[in-house]
Amino acid sequence: MRLFPSLDKSPADGKISFSEMENWNVAQGADRLAYRTQKELLSRDRDDDGAVSFHENFPQFSTLDLAKNEMGHGQAGWWMELFKLADVNGNGNLDFHEFNNFLHPEDSHDRKIKIWLIKDKIKKHAYDVYKTYVDFEKTRVPTAEEKFADLDVDHDKFLTVEELLPILPYLKPGELTYAKFYTHYLIDAAG
């Protein structure tokens with residue numbers, strides 16, 4: 001008898017490896033994201049075209065709100081900026097995949113959205129978030145100077161937004177990052 005046959009896939013040896021557990025957890029996280037995205041898409045798509053416009057998604061924002069273009073977190077300009085980044089084809093509507101990137105930017109693979117997230121986090125003093133997150137990791141954490149030197153690829157003593165991309169999961173962890181973290185937790189708890 002094999003335990004967890006749906007997890008034990010490569011190789012199917014009657015044991016669950018770390019990568020099998022992680023793949024399963026990440027797949028479960030991706031399924032949750034897709035479910036939430038589909039649910040939101042169905043509830044906001046007023047004209048039943050399978051896509052969501054900015055006004056369908058945010059009926060509370062008037063033309064005046066958009067004209068003000070206020071960029072504070074949660075304001076019309078802030079949402080519009082993220083909406084335009086998610087609208088890859090530029091048609092003014094977000095299909096399922098674009099809407100998924102919009103709703104869950106921390107789990108997006110889109111480089112522009114990742115850069116936007118980092119810029120948004122920098123505005124909110126993200127170093128404290130990074131410092132707090134790595135305090136809980138069990139592996140050796142490099143000093144701030146070592147990490148800075150690793151990230152500063154052009155050695156100009158300044159970090160650009162692009163140079164911060166490798167630490168985005170620490171700055172703004174998403175569902176899939178938590179799925180990977182949970183795998184580590186489960187393996188540690190079992191061992």
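full-length UniProt numbering puts the first residue of the sequence shown at 1, with every later residue one more than the last. Backbone N, C-alpha and C fix where the C-beta goes; we use that ideal spot for every residue, glycine too.
- Across the set GLY92, ARG32, HIS73, GLU175, the C-alpha of GLY92 shows the shortest separation from the C-alpha of HIS55.
- Within 10 angstroms of the beta-carbon of PRO5 lie fewer than 16 other beta-carbons, which makes it exposed.
- Pairing LEU94 with TRP116 gives a Cβ-Cβ distance that is not under 9 Å.
- Around the Cβ of LEU164, a 10 Å sphere holds 16 or more other Cβ atoms; the residue is buried.
- In this model, ASP47 and THR143 are separated by some 53 Å (Cα to Cα).
- Buried is the label assigned to ALA76, since at least 16 other Cβ atoms lie within 10 Å of its Cβ.
- Per DSSP, ILE16 is not a residue of any alpha helix (DSSP H), being assigned neither H nor E.
- Here PHE18 is exposed. Its C-beta has fewer than 16 other C-beta atoms within 10 Å.
- The beta-carbon distance between LEU82 and PRO59, rounded to whole angstroms, is 17 Å. This is too long to meet the 8 Å contact definition.
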